[in-house]
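Trainee: So the number in our numbering is just where the residue sits in the sequence shown, counting from 1, plus 1. Glycine included, C-beta positions come from ideal geometry on N, C-alpha and C. Keep in mind the model is a prediction, meaning the values are calculated, not measured. Could you have a look at this structure, given as structure tokens, before my questions?
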Amino acid sequence: MLGIVGWLLALVIAACLAVAAWPQGFGLEQAPVVAQVVSLRIGVVGIALVLALLLLCFVGWRRVRPFVLGVVAMLLAFALASTGIHLSRGIDASQTIAADGDDLVVLTWNTAGDEPGVDEIARVVDETGADAVMLAETTLPLGVGVAERLRERGNPFWVHTTHYDPEYGALNTTLLISTRLGEYTTDSTVGGTRTLPTIVARPDDGEGPVLVSTHPVAPVPHQMRNWRADIEFVAGLCDGRDSVVMAGDFNSTLDHWWATREDGGDLGVCRDAATAVGAGAVGTWPTWAPPWLGPVIDHVLATPDWTPVAARVLTGLDDAGSDHRPVVVQLRSAR
């Protein structure tokens, strides 16, 4: 009887580990609990290794030795597989953004309700040479302040903001667009993310990319339905009909987008720029966790007419006030 129970328990453990390593293989990447577990790949690997060590303490007990060794082997296989998947997205944190005049530099930063302040955000925009700046949890006054500071330095920007409550920073999303890209108008007809706002801005002359500053809600238990709807919405913007550059705090990783993939893209037809250039496994949140440990939930994506050249998670701003790290990406037109 003990042997039967052991085999059944081993099968359950194997199934759970398989789902945790590659949930999209079972269509469970957006399921409750699984969605949270797969976000934290390296953390879960650490837990698996600790459990393996603890189980080895029982290997001297002859009656359970086969079970213990079997489970330890499964935990080690899971750790290797999940770590390999994570590392395959790239851990290069030293890339340099050196755009020429025709490249597009995109910066995204969840400012946690304007926390870094006008001067710090303007400094980062200046130093990175950003042309489009997607700022989640950022109010209109902060965006205007940054644009004014940049204009004083000879680097003018347009400011677009949308909100569900102007007084509460988390319910605001701002998009700064360099005037060198021309004039843009916010498209309010396309809909939006349900809980936290998204801006879709289209070029007035039709010549540039559609710029999207987005903020899907986090996959907490009471928001799972909205989270899935938000992912579906942003994937719909990457349907291949327009040239799109999209960035923001997606509150999701590449694993969660698997069902939306089209024509080699990561989210619809859009590709994750950091992953494309080998920097897609550098953690962006939270800032108190080292970059090798935290999940990657802040992204810059673009349709195939843009080629990612370089990407960098700015790890030197962990004390700036936000719990997110900025991400800066250099894109080159493939047309």
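Short check: CB of Trp228 to CB of Val218, under 7 Å?
Mentor: What you label residue 228 is simply residue 227 of the sequence shown in a count that begins at 1. What you label residue 218 is simply residue 217 of the sequence shown in a count that begins at 1. Closer than 7 Å, so yes.
Trainee: What did DSSP end up calling Asp268 once you bin it into helix, strand or coil?
Mentor: Position 267 of the sequence shown, counting from 1, holds the residue named residue 268. According to the sequence as given, residue 268 is Leu; it is not Asp. Leu268: strand per DSSP, three-state reduction.
Trainee: Please classify Leu18 as buried or exposed, where buried requires at least 16 other C-beta atoms within 10 Å of its C-beta.
Mentor: Here residue 18 corresponds to residue number 17 of the sequence shown, with the count starting at 1. Around the beta-carbon of Leu18, 16 or more other beta-carbon atoms lie within 10 Å, marking it buried.
Trainee: Name the two residues that bound the continuous beta strand (DSSP E) containing Gly249.
Mentor: The count along the sequence shown starts at 1 and reaches residue 249 at position 248. Segment Val245 to Asp250, the beta strand (DSSP E) holding Gly249.
Trainee: Go to Ala274, then tell me how far its alpha helix (DSSP H) extends in each direction, as first and last residue.
Mentor: Within the sequence shown, residue 274 is the residue found at index 273, counting from 1. Per DSSP, Ala274 belongs to the alpha helix (DSSP H) from Ala274 to Ala277.
Trainee: Alpha carbon to alpha carbon, how far is Leu315 from Trp289?
Mentor: Along the sequence shown, read from residue 1 onward, the residue named residue 315 stands at position 314. Along the sequence shown, read from residue 1 onward, the residue named residue 289 stands at position 288. Cα to Cα, Leu315 sits roughly 14 Å from Trp289.
Trainee: Taking Glu30 and Trp307 to be in contact with their CB atoms under 8 Å, please state how far apart those CB atoms are, rounded to whole angstroms.
Mentor: Within the sequence shown, residue 30 is the residue found at index 29, counting from 1. Within the sequence shown, residue 307 is the residue found at index 306, counting from 1. So it is not a contact: roughly 26 Å between Cβ atoms.
Trainee: Measuring straight from C-alpha to C-alpha, what distance separates Asp206 and Arg150?
Mentor: Position 205 of the sequence shown, counting from 1, holds the residue named residue 206. Position 149 of the sequence shown, counting from 1, holds the residue named residue 150. Straight-line Cα distance between these residues: approximately 27 Å.
Trainee: Determine whether the beta carbon atoms of Leu107 and Val283 lie at a separation below 7 Å.
Mentor: On the sequence shown, residue 107 is found 106 positions in, with the first residue counted as 1. On the sequence shown, residue 283 is found 282 positions in, with the first residue counted as 1. According to the sequence shown, residue 107 is Val rather than Leu. Taking the C-beta atoms as reference points, Val283 is found no nearer than 7 Å to Val107.
Trainee: Which residues in the same chain as Pro296 place their Cβ atom closer than 8 Å to its Cβ, once the five residues preceding and following it in sequence are excluded?
Mentor: In the sequence shown, the residue the question calls residue 296 occupies position 295. These residues qualify, in order along the chain: Ser40, Leu41, Arg42, Thr254, Gly284, Thr285 and Trp286.
Trainee: Should Phe234 and Thr190 be called a contact, given that it needs their Cβ atoms to be closer than 7 Å?
Mentor: Along the sequence shown, read from residue 1 onward, the residue named residue 234 stands at position 233. Along the sequence shown, read from residue 1 onward, the residue named residue 190 stands at position 189. Result no, Cβ atoms of Phe234 and Thr190 do not sit closer than 7 Å.
Trainee: Mind listing, in chain order, the continuous beta strand (DSSP E) runs of no fewer than 3 residues lying wholly within the segment 274-332?
Mentor: 299-303 and 307-314
Trainee: Using the rule of at least 16 other Cβ atoms within 10 Å of the residue's Cβ for burial, across every protein chain shown, is Trp8 buried or exposed?
Mentor: Along the sequence shown, read from residue 1 onward, the residue named residue 8 stands at position 7. Classification for Trp8: exposed.
Trainee: Would you mind reading off the limits of the alpha helix (DSSP H) that contains Asn227?
Mentor: Locating residue 227 in the sequence shown gives position 226, where the first residue counts as 1. Looking at the DSSP string, the run of the alpha helix (DSSP H) that includes Asn227 is Met225 to Leu238.
Trainee: Where does Val221 fall in DSSP's three states?
Mentor: Counting from 1 along the sequence shown, the entry for residue 221 is found at position 220. In the structure shown, Val221 adopts coil according to DSSP, grouped into three states.
Trainee: Among Pro222, Asp103 and Arg203, which has the Cα closest to the Cα of Asp243?
Mentor: For this step, residue 243 is matched to residue 242 along the sequence shown. Nearest of Pro222, Asp103 and Arg203 to Asp243, Cα basis: Arg203.
Trainee: Quickly, what does DSSP pair Arg203 with across the bridge? List them, please.
Mentor: Residue mapping note: residue 203 aligns to position 202 of the sequence shown, counting from 1. Answer is Thr186, bridged to Arg203.
Trainee: On the CB-based measure, 16 or more other CB atoms within 10 Å of its CB, does Pro33 come out buried or exposed?
Mentor: Residue numbering aside, residue 33 sits at position 32 when the sequence shown is read from its first letter. Exposed is the call here.
Trainee: If you draw a straight line from the alpha carbon of Val69 to that of Ala78, how long is it in whole angstroms?
Mentor: Numbered from its first residue, the sequence shown carries residue 69 at position 68. Numbered from its first residue, the sequence shown carries residue 78 at position 77. Answer to the nearest angstrom: the Cα atoms are 14 Å apart.
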